[in-house]
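So the structure is just underneath, and the comments pick up after that.
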Amino acid sequence: MSRSDKSRRAYLDPETKRKVREIHHDQCSYCQVQQQFVPDPLEFEHITPVSKGGSNQVENLCLSCGNCNRHKASKTQGVDPETGQLTDLFNPNTQVWDEHFNWDEESIYLIGCTPTGRATIEALHINKVEFAITARHHWVKAGWHPPKK
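All the letters of the sequence shown, read from the start, carry residue numbers 108 to 256 under the numbering used here.
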């Protein structure tokens, strides 16, 4: 990545950040973890990575927890574990979360309802990180999870 690509990706003006936080309700656009319940700031995630032609425009940004953002990296597609087919990952700015995901009965594990949902859960390791599973268990007990719509 060239120096100009890095600087283009790194700088987001305060108004863009405010809009993204507002649109995404200060929670991870993928696993729905809420900012108030995690110690690290949610990250501004490029849905289409800058390295693949994505921009710093609000329409290409969402909020992501560190775990989801690290595992997504520059991916835009993943494999649906049910069909084995390559599919686009969930786009929180053009798709509706509830159409692709649901929580299990205990609201601990995320369930993919579509190939996109299943591929996103798998690619982002949403149900594989022990800390996240343990934290969700405690948040459910406290009445903090899943987020209220």
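We put the beta carbon where it would ideally sit given N, CA and C, even for glycine.
- Closest option to G173, judged by alpha-carbon separation, among T155, T227 and C138: C138.
- In the structure shown, F238 adopts helical secondary structure according to DSSP, grouped into three states.
- The criterion of a C-beta distance shorter than 9 Å is not satisfied by L196 and L170.
- N209 is bridged by DSSP to I218.
- Residue nearest to T223 within the set D133, C135 and T183 is T183 (criterion: CA-CA distance).
- For G173, the enclosing alpha helix (DSSP H) begins and ends at G173 to K179.
- Straight-line spacing of the CA atoms in P254 and Q141 works out to 7 Å.
- Judged by DSSP secondary structure, T194 falls within the beta strand (DSSP E) whose first and last residues are L193 to D195.
- The residues Q141, Q142, Q143, L149 and L170, in chain order, have a CB closer than 8 Å to that of D133 in the same chain once the five nearest residues on each side in sequence are set aside.
- A Cβ-Cβ distance of about 6 Å is found for the pair S158 and S181, placing them in contact under the 8 Å criterion.
- Residue burial is scored here from C-beta neighbours: F238 has fewer than 16 other C-beta atoms within 10 angstroms and is therefore classed as exposed.
- Boundaries of the alpha helix (DSSP H) harbouring E129: P121 to I130, taken from the DSSP string.
- Remark: three or more beta-carbon pairs, one from each stretch, lie closer than 8 Å, so the region 223-235 and the region 184-194 are flagged as touching.
- By the Cβ neighbour-count rule, L217 is buried, with 16 or more other Cβ atoms within 10 Å of its own.
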